[in-house]
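J.: With full-length UniProt numbering, the residue at position 88 of the sequence shown is 88, and numbering never jumps. We put the CB at the ideal spot given by N, CA and C, even for glycine. Every value quoted in this text rests on a predicted model; they were computed, and no experiment measured them.
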Amino acid sequence: MAVRYAAGVVLAAGAGTRFGMPKVLAAEGEWLAAAVDALHGGGCAEVLVVLGAAQVRVPAPACAVLAPDWAQGLSASLRAGLAAVSRYDVDFAVITVVDTPDVGADVVRRVLDAAATSTSGLARAVFGGRPGHPVVIAGRHWPALTEQLDGDVGAGPFLRARDDVIAVECGDLATGADIDVPQREA
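(1) Under three-state DSSP, which class holds L74?
(2) Three or more C-beta pairs closer than 8 Å, one from the stretch 66-80 and one from the stretch 128-135: is that the case here?
(3) Quick one: what's C63 bridged to in DSSP?
(4) Taking the Cβ atom as the reference point for each residue, do D178 and D99 lie within a distance shorter than 8 Å?
(5) How close, in whole Å, do the beta carbons of V50 and G8 come, if the pair is a contact with beta carbons under 8 Å?
(6) Report the CB separation of A162 from L122 in whole angstroms; it is logged as a contact under 8 Å.
(7) Rounded to the nearest angstrom, what separates R140 and E46 at their Cα positions?
(8) Report yes if the CB atom of W22 is closer than 8 Å to the CB atom of G29, and no otherwise.
(9) With a threshold of 7 Å on Cβ separation, who are the neighbours of A53 within its own chain once the five nearest residues in sequence on each side are excluded?
(10) Using the Cα positions of L159 and V165, report the straight-line distance between them to the nearest angstrom.
(11) Would DSSP call R167 helix, strand or coil?
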């Protein structure tokens, strides 16, 4: 399957309670810029940033999407992102989170290429065998995924319930570390 069009979604709506502030504000916006650059550089013609707890100006070429019910958890953010992506004529949504700043365009491209050449249209980055982001979900799966979303969980349960998700090892390109607490300087 050739990629006709892919749109990226940065999930950045949370309050970051363990982190101490919304992660979209982390590193003076550098994490957000890195996520947008990774998606755009990795093959996403459109990039959407889902906001909620903090409203920020998103870097070009991204567009902001508001998740008004962001406090209900990650499911609300992903639901808002998929609803926004569905307005575009796209084959795939490439979903990532704002708090994996070392994931670059090369990771996005590798995972998107794997999804585009698979029969399932589903792929996720793994780092040393550990599942991470981005995840790529073909448009035909969005209704079923959206139906299952609930609480403070994203696409994980949907992906784990399937045996046709391509695990794409990306540990040679990034750590994929999801930063939940501020890093302390020594």
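T.: The structure says:
(1) helix
(2) no
(3) L48
(4) yes
(5) Not a contact, Cβ separation roughly 11 Å.
(6) It should be noted that the sequence gives Arg, not Ala, for residue 162. That pair is a contact at about 7 Å.
(7) 18 Å
(8) According to the sequence provided, residue 22 is Pro. The question's Trp does not apply to it. The answer is no: Cβ separation not under 8 Å.
(9) A13, G14, A15, P22, W70
(10) 7 Å
(11) First, the residue type needs correcting, since residue 167 is Ala and not Arg in the sequence shown. Note: A167 maps to strand in three-state DSSP.
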